[in-house]
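Residue 94, in the working numbering, is where the sequence shown stops; the numbers in between run on with no holes. The structure appears below as structure tokens.
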Amino acid sequence: MSLVNLMRTNDAVVLGLAESLLKDAGIHHFVADRDMSVMEGSLGLLPRRLMVESEREDEARTLLTEAGLGKELEPE
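Below, the structure written as structure tokens:
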């Protein structure tokens, strides 16, 4: 299993929505750099990265795009 970077954002609301959608769809995900963002003082300098299993990347992209988060996704 390998992970791919699906989204990079400083917006906690967007990240929370994306996580909720992925969880409800049963798509395992991981948020990288969550702790680093807190350590830097919440200035928004270090974006959090939303990672998903490479095998489910297309499904995750479709899900988030249909939910209106397509512009937040990293390019393929």
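We put the beta carbon where it would ideally sit given N, CA and C, even for glycine. Bear in mind the structure is a predicted one, so any value in this text is a computation, not a measurement.
Residue i to residue j span [Cα, whole Å]
i	j	result
His46	Asn23	13 angstroms
Leu81	Met69	14 angstroms
Ala36	Arg52	15 angstroms
Glu77	Ala30	22 angstroms
Thr39	Glu92	Reading off the sequence shown, one finds Leu at residue 39, where the question assumed Thr. Leu39 and Glu92: Cα-Cα distance of roughly 17 angstroms.
Ala85	Val32	11 angstroms
Reduced DSSP secondary structure (H/G/I, E/B, other) of residue i
i	result
Ala21	For the record, residue 21 in the displayed sequence is Leu; it is not Ala. Three-state DSSP puts Leu21 in a strand.
Ala43	coil
Ala85	coil
Leu91	strand
For residue i, the first and last residue of its enclosing beta strand (DSSP E)
i	result
Leu68	66 to 71
Proximity test, residue i beta-carbon vs the ligand ADP heavy atom, cut-off 7 angstroms
i	result
Arg66	Looking for the ligand ADP in the displayed structure turns up nothing, as the structure carries no ligands at all.
Classification of residue i by the beta-carbon crowding that lies within 10 angstroms, buried from 16 upward
i	result
Leu63	exposed
Thr27	buried
Met19	exposed
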